[in-house]
Every structure is written in structure tokens, then in C-alpha cells.
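Novice:
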Amino acid sequence: MGEPNVWSVARLGSPDNPAADLIVNGLELSCAVPDDEAVEPGGATPFGLLAGSLSACTAMSVRTFLQRWRIDPGEVTVRVGVHVHPGSTPMLDRHVTVAGQVGQELWEQLATEVDNIPVTVLLRDTMPIRTVLTTGAGD
Numbered sequence: 011m012g013e014p015n016v017w018s019v020a021r022l023g024s025p026d027n028p029a030a031d032l033i034v035n036g037l038e039l040s041c042a043v044p045d046d047e048a049v050e051p052g053g054a055t056p057f058g059l060l061a062g063s064l065s066a067c068t069a070m071s072v073r074t075f076l077q078r079w080r081i082d083p084g085e086v087t088v089r090v091g092v093h094v095h096p097g098s099t100p101m102l103d104r105h106v107t108v109a110g111q112v113g114q115e116l117w118e119q120l121a122t123e124v125d126n127i128p129v130t131v132l133l134r135d136t137m138p139i140r141t142v143l144t145t146g147a148g149d
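Structural data, given as C-alpha cells:
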């Protein structure tokens, strides 16, 4: 099968350490381990890394899709919030903003593309993803 294209290692040291040492494809960072309270600690957290994966994948997919149609996307911004409520499934709230103008027909195709990017496909059956798509045309 060979080596994986993407890999990650997490190490938890002593029980007193509130963070996991994380290596993703050779990039080292610290991931704060949330305690039992509902408030997420500052810095990277497991849910924060999940939100980062969805936002990065969405931004890159949006840009690639529009460039294929020879549309200059301008700046693409994707903000993903994670809503966690005790006793219920977490929800992802994704806001996609494209500075470039996109006509209505292509906007609908773009919305379908956003709903079918790899990270969305992996997550959508386990947690709801609410998406708002705004383009320079004011859609």
C-alpha cells in the first residue's frame, strides 16, 4: 500500500500538560486539549483544526472551480464556526465570500461544488454544515 500522502501524529505527555504535541506532514504545532467545560481554550483545538480543514479545503476548491471557468475569484474567504452544545451533535457554520463577480447560473454550480468538496463529503453525514455563499455580484 505504501506510505500515506497525509499523516499526523499526536502525543500527550504528562496528565498535567493541557496540550497535545501534534505533527501534521512534518509541521509541528500544539493542540490545546479542552477540559470538561463548554468553553474552548485559546489556540488550536481539535474542533479548531477540523474547522481549519473545512475552511482551507473550501477556499482552495472555490478558487480552482472559478479559475476553470476563467473567472477571477479575487479574494476568497471562508470562515467556519463550530457550534458545540452539550448533549447534541456539533454543527459547522460556513460562510464563503468570493470578491469576484459570479453570474447566477455559475453561482448555483459553485454552490453545488462547495457542497461536494472532499472535506464536506467526509463530514456531512456526521454533523450538519450550514453554508452561506456570497459573491461580488451580491448573491
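If you read the sequence shown in my numbering, its first letter stands for residue 11, the second for the next number, and so on.
Cβ coordinates follow ideal geometry from the N, Cα and C atoms, glycine included.
Quantities reported herein were computed from a predicted structural model and do not represent experimental measurements.
1) Give every residue of the same chain whose Cβ lies closer than 6 angstroms to the Cβ of Gly53, excluding the five residues on either side of it in the sequence, and list them in chain order.
2) First and last residue of the alpha helix (DSSP H) that includes Ser71?
3) For Ala29, which beta-bridge partners are listed by DSSP?
4) Across the stretch 60-80 and the stretch 96-115, are there enough close Cβ pairs to call them in contact, namely three or more that are closer than 8 angstroms?
5) In three-state DSSP terms, what is Thr122?
6) Less than 8 angstroms between the CB atoms is what I'm expecting for Phe57 and Val92, so what's the real figure, rounded?
7) Is it true that the CB of Val16 sits closer than 8 angstroms to the CB of Ala61?
8) For a test of the three-state rule: what should DSSP assign to Val16, helix, strand or coil?
9) Using only the alpha-carbon positions, how far apart do Val88 and Glu13 sit?
Specialist: According to the data block:
1) These residues qualify, in order along the chain: Ala42.
2) Judged by DSSP secondary structure, Ser71 falls within the alpha helix (DSSP H) whose first and last residues are 56-78.
3) Looking at the DSSP output, Ala29 shares a beta bridge with Ala42.
4) Contact between the stretch 60-80 and the stretch 96-115 is present: three or more C-beta pairs spanning the two stretches fall below 8 angstroms.
5) Three-state result, Thr122: helix.
6) For a cut-off of 8 angstroms, the C-beta gap from Phe57 to Val92 is around 4 angstroms, short enough to register as a contact.
7) No, the pair does not count as a contact, with Cβ atoms beyond the cut-off.
8) Coil.
9) Across the structure, Val88 and Glu13 are spaced so that their CA atoms are roughly 31 angstroms apart.
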